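Data block below; observations after.
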Amino acid sequence: MEKGGRETSMRREPSFDSKRDPGRQGEDLRLRPEDRPHPPRNPSAKPNTVKPVAKRAKRKAAPNSRGAGKARSRKEGRRHRSLIGRLFVWSVTLCVWGMIGLAGLVGYYFTKLPPIDQLAVPKRAPNVAILASDGSLIANRGETGGRTISLSELPAYAPKAFVAIEDRRFYHHFGIDPIGLGRALAITAWRRGHGGLQGGSTLTQQLAKNLFLTQERTVSRKIQEAILAVWLERKYTKNQILELYLNRVYFGAGAYGIEAAAQR
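Each residue of the sequence shown is one higher than the last, beginning at 0 in numbering that gives the first Met the number 0.
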């Protein structure tokens, strides 16, 4: 007996030594059927003719075909996404390099212009007006063929008509009109081969060309024209630019300015 009142059970350990345990001599130590983990199969039961491997193959056949289709669709989706991603990256890269190249080109032709702080609108060529004794005009002599007039001397519809025809976005751009330029390029491409060309120069660009540049049509001249148009917009108001345009632009037949054109 232990101190807690519990009885101690004497466990008897098996001994494989016949000398120490003479009572187990001759005892068979092999496992009996009832001592095995699984009972023996009933001889009368029918054997399972379906192999386990075949069953597993049948179970996996259908899921594998569906899984292969899903994997193929996922692979194609990834391929399409990667193609779109590469196109996007290349487009952004080309745009960035194009902007860098354009900025370098503008900077190069900017250095070919006179210093901006010394740039001034050239004075209008003098014109000689021959008047009668009563003050009426008999004739004009000179390169321009007319005098300088202000917007207040013109009918209200005259400046509006020029803006509507030459540059509808005159009061909304900064000398260069990207929207108008894109529209002009699209119309020119659409009418290519049919004689329909659309100009992309703003009213300010036309004034810059007439004041500072020649009439040649080259890339360098167009870039310098755009630079000078931005300079004019920074230096003068819209009404001042419109007034300069109406007095300095060539209207044909030797007439520079709207007043000279009205006398023709």
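Here a beta-carbon is modelled for each residue, glycine too, at the ideal position from N, C-alpha and C.
Remember, it's a predicted structure, so these values are computed and weren't measured experimentally.
| Check | Outcome |
| --- | --- |
| Simplified DSSP assignment, three categories, for residue 130 | strand |
| Beta bridge counterpart(s) of residue 136 as assigned by DSSP | 130 |
| Pair within 9 Å by beta-carbon distance, residue 224 and residue 204 | yes |
| Residues of its chain near residue 213, where Cβ-Cβ distance is below 8 Å and the 5 sequence neighbours each way are ignored | 220 |
| Residue nearest to residue 138 in terms of C-alpha spacing, selected from 149, 147, 126, 148 | 126 |
| Separation of residue 155 from residue 103, as counted between CA atoms | 43 Å |
| Close-in-space but distant-in-sequence residues of the same chain around residue 49 (CB under 7 Å, 5 per side omitted) | Confidence at residue 49 is low in this model, with a pLDDT of 47, below 50, so the placement of that residue should be treated as unreliable; the coordinate-derived value is given next. Excluding residues within five positions, none has a Cβ falling inside 7 Å. |
| Residue 199 versus 160, 164, 87, residue with shortest Cα-Cα distance | 164 |
| Sequence-distant residues of its chain with Cβ nearer than 7 Å to residue 130 (five each side left out) | 136, 137 |
| Three-state secondary structure assigned by DSSP to residue 94 | helix |
| Contact belief for residue 105 with residue 243 at Cβ below 8 Å, rounded distance in angstroms | About 24 Å separates the two Cβ atoms, so there is no contact after all. |
| Buried or exposed by the 16-neighbour rule on C-beta atoms within 10 Å, applied to residue 208 | buried |
| In DSSP terms, what residue 244 is bridged to | Residue 244 pairs with nothing; no bridge assigned. |
| C-alpha gap between residue 233 and residue 168, whole angstroms | 17 Å |
| Reduced DSSP category for residue 169 - H, G, I as helix; E, B as strand; rest coil | coil |
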